[in-house]
Amino acid sequence: MNKVRVRFAPSPTGGLHLGGMRTVLYNYLFAKKYGGDFILRIEDTDQTRFVEGAEAYIFDCLDWCGMTPDESTRKEGAYGPYRQSERKASYYQYAKQLVDSGYAYYAFDTQEDLERMRHEYKTAENPLPMYDSRLRMNMRNSLSLSADEVAELLAKDTPYVIRIKMPENETVTFTDMIRGEISFDTNLVDDKVLLKADGMPTYHLAVVADDYSMKITHAFRGEEWLPSAPVHLLLWRYLGWEASMPQWAHLPLILKPDGNGKLSKRDGDRLGFPVFAMNWRDPRTGELTEGFKERGFLPEAFVNMLALLGWNSGTEQELFSLEELTQVFSIERIHKGGAKFDFEKAKWFNHQYIMKKADDELAVWMRPYIRNGNEFDDAYLSKVASLIKERCHLLSEFWSQGHFFFETPSETELSVIADKWTDGKKAFFENWISSFDGIQEWAHDALENGFNETMAAAGLKKGDVLLPLRIMLVGGKYGPGVFDIAALIGKDETKKRILNTLARL
RNA sequence: GGCGCGUUGGUCAAUCGGCUAAGACGCCUCCCUUUCACGGAGGAAUGACGGGUUCGACUCCCGUACGUGCUACCA
900 MNKVRVRFAP SPTGGLHLGG MRTVLYNYLF AKKYGGDFIL RIEDTDQTRF
950 VEGAEAYIFD CLDWCGMTPD ESTRKEGAYG PYRQSERKAS YYQYAKQLVD
1000 SGYAYYAFDT QEDLERMRHE YKTAENPLPM YDSRLRMNMR NSLSLSADEV
1050 AELLAKDTPY VIRIKMPENE TVTFTDMIRG EISFDTNLVD DKVLLKADGM
1100 PTYHLAVVAD DYSMKITHAF RGEEWLPSAP VHLLLWRYLG WEASMPQWAH
1150 LPLILKPDGN GKLSKRDGDR LGFPVFAMNW RDPRTGELTE GFKERGFLPE
1200 AFVNMLALLG WNSGTEQELF SLEELTQVFS IERIHKGGAK FDFEKAKWFN
1250 HQYIMKKADD ELAVWMRPYI RNGNEFDDAY LSKVASLIKE RCHLLSEFWS
1300 QGHFFFETPS ETELSVIADK WTDGKKAFFE NWISSFDGIQ EWAHDALENG
1350 FNETMAAAGL KKGDVLLPLR IMLVGGKYGP GVFDIAALIG KDETKKRILN
1400 TLARL
């Protein structure tokens, strides 16, 4: 295969959700696999939806996942400009070209005209009438009006849109890389607006013009675009570019975990999981939406989870680095059907990556989650990480799983041991503490040996005193081995916690 | 309503006509560990339905049902 060029064009309407991120990922993997260019394009031609700060946010998300676009799409580049708003002039030119060649026309209908049409032609079997070949001669456009009338309207700067003139009785067929051959009857597709009254293009015109001028060879987009694909194909044809039309791949949808429908931001809020890659604060509403990053996901886990949502390698392997994915990824193995998002499985991926990560690296990721202001050095944090990483599914669980390494537990589940508490046990702990000064090396083995000796001398069993010790050190029935904890928090702190609890029993 | 796309356990999914239908998540049991977790060993749980084609169909074809998407001067 020759050099490929893929593009991802997020609409900066705020947030970058799972579906969008997955489309980027597949674009990226495909481009990398075949040594092509990974280009980002910003679709900011819809001023009513464009959100301040969204562009920078998109780049942040890509950086976090390790998918920074090849070229500096933030500045200049071989295929720039990358913002649609900066390409405005050429869109008009192409739309005009289509009108001149008879494939498109001016439409002067107002919003009210359109509403009236939808109302007037509404019938039981056609509840949603379209602006199409059957109806367009009843509307106000350059097909129904005389040349003089049209010239006059244009001369008076009457607002107009440019619509594609869908042919009658034709079948448009194209090949989707995932789904194979797909056909549409042109009579059933409406005359889509190409250029809006404000002079900005709609997605339909923009995507074709941009893909052409950016020399895109392969285009990935969501399945929701399938119904408008015939419009796009016709535009490529009418503009005389059909030979350079990219190959399309329409990706399956990511669905809600419960019920039906595609996954939305609302579902995340409702079910308690993120749907955006990173935190997004809408500047217009001030509303903050949590991201996977902030929820405690490692980027490699997020990427891995995302890749497997709609694709699999065909082997039993489930854990892939981004690098591995670029090797094994293949369009043939992308599924046709939508997948319900499963947050439990997403957490499992993260858990795997947390366990796999080196302790010192993990320490860096976990540091922000230390809730009290105390300072701890990297070596200490590293040791904590090694002890608790296998019980954290999210980085944010670091604190709930290991807070006792950083503070004396404030809440102690005394009730767990209070019922079976005896003077003999109390004497045992006092004896054990008094032996601390004789311990040469304050480490796991020495502590356990000393504990066992004192225990045997007191005629007690592990079952009698191990749990109490845990409650004293941790505060509850959880955490790593008690001697590991004692070894790490140190002699003084261990003694302090035992004494504290003894005083309360 | 029309059109498009889809349909293997609760979820993600393998299978490209030979199936006693992989594997993973989740769930359950046991072992390990006198906590929790990790790890190990098991278990329950699947081809939407009806017709064809075929020696043989989860796999191919047709219908039906169901789901989902589109049907905006939104993408």
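Residues 900 to 1404 (the working numbering) are what the first sequence spells out, left to right.
Just so you know, even glycine gets a beta-carbon here, dropped at the ideal spot from N, CA and C.
For the options 1302, 1311, 1288, 1225, the alpha carbon positioned closest to that of residue 1247 is the one of 1288. Take the alpha-carbon of residue 928 and the one of residue 1019: they are about 49 Å apart.
Its Cα nearest to that of residue 1404, the residue 1312 stands out among 1312, 1134, 1273, 1237.
Our two residues, residue 1374 and residue 1199, have alpha carbons roughly 34 Å apart in a direct line. Taken through DSSP and simplified to helix, strand or coil, residue 1240 comes out as coil.
Pairwise C-beta distances place the segment 1070–1078 out of contact with the segment 1008–1019, as fewer than three of them are shorter than 8 Å.
Of 1380, 946, 1371, 1378, the smallest CA-CA separation from residue 1392 is found for 1371. Under the DSSP assignment, residue 1004 falls in the beta strand (DSSP E) whose first and last residues are 1003–1006.
The three-state reading of DSSP puts residue 1049 in helix, counting H, G and I together. Residue environment analysis places residue 1263 among the exposed positions, since fewer than 16 neighbouring C-beta atoms fall within 10 angstroms of its C-beta.
Here the alpha carbons of residue 1281 and residue 983 stand approximately 47 Å from one another. A direct Cα-Cα distance of roughly 10 Å separates residue 953 from residue 943.
Residue 1123 and residue 1387 have their alpha carbons spaced roughly 55 Å apart. A contact between stretches requires three or more CB pairs, one per stretch, nearer than 8 Å, and the segment 1349–1360 meets this requirement with the segment 1318–1335. Residue 1066 holds the alpha-carbon nearest to the alpha-carbon of residue 1035 among 1066, 1401, 1245.
Shown here for residue 993: same chain residues with a beta carbon closer than 7 Å to its own, the five before and five after excluded, namely 1104, 1108, 1138 in chain order.
Residue 1279 and residue 1353 have their C-alpha atoms spaced approximately 29 Å apart. Non-local beta-carbon contacts of residue 1196 in its own chain, meaning distances under 6 Å to residues more than five positions away in sequence, involve 1249 in chain order. Contact annotation: residue 1297 and residue 1384 have beta-carbon atoms that are not nearer than 8 Å. If you draw a straight line from the Cα of residue 1291 to the Cα of residue 1229, it is about 32 Å long. In chain order, 1094, 1100, 1104, 1105, 1108 place their CB closer than 7 Å to the CB of residue 990, counting only its own chain and leaving out the 5 sequence neighbours on each side. Annotated three-state conformation of residue 1128 is helix, per DSSP. Counting only residues of its own chain and dropping the five nearest sequence neighbours on each side, residue 1238 has a CB closer than 7 Å to the CB of 1151, 1153, 1154, 1208, 1209. Cβ neighbours of residue 1052 within its own chain (closer than 6 Å, five residues either side excluded): 1007. Pairing residue 1180 with residue 1187 gives a Cβ-Cβ distance under 8 Å. Annotation: the continuous alpha helix (DSSP H) that includes residue 1281 extends over 1277–1287.
Contact check for residue 906 and residue 1113: beta-carbon distance about 6 Å, within the 8 Å limit, so the pair qualifies. By the C-beta density criterion, residue 1030 is buried, having at least 16 other C-beta atoms within 10 angstroms. Here the alpha carbons of residue 1081 and residue 1002 stand approximately 23 Å from one another. For residue 1121, same chain residues with a beta-carbon under 8 Å away, outside a window of 5 residues either side, are 918, 922, 1149, 1150, 1152 in chain order.
In the DSSP assignment, the residues bridged to residue 1161 are 1154. Between residue 1341 and residue 1192, the C-beta gap is not smaller than 8 Å, which leaves the two residues out of contact.
Of all alpha-carbon atoms in 1314, 1316, 1349, the one lying nearest the alpha-carbon of residue 1330 is that of 1349.
Bounds of the beta strand (DSSP E) holding residue 1070 are 1070–1075. Annotation for residue 1043: 1035, 1036, 1037 place their beta carbon closer than 8 Å to its own, counting only its chain and skipping 5 residues before and after. Taking the Cα positions, residue 1047 is about 10 Å away from residue 1054.
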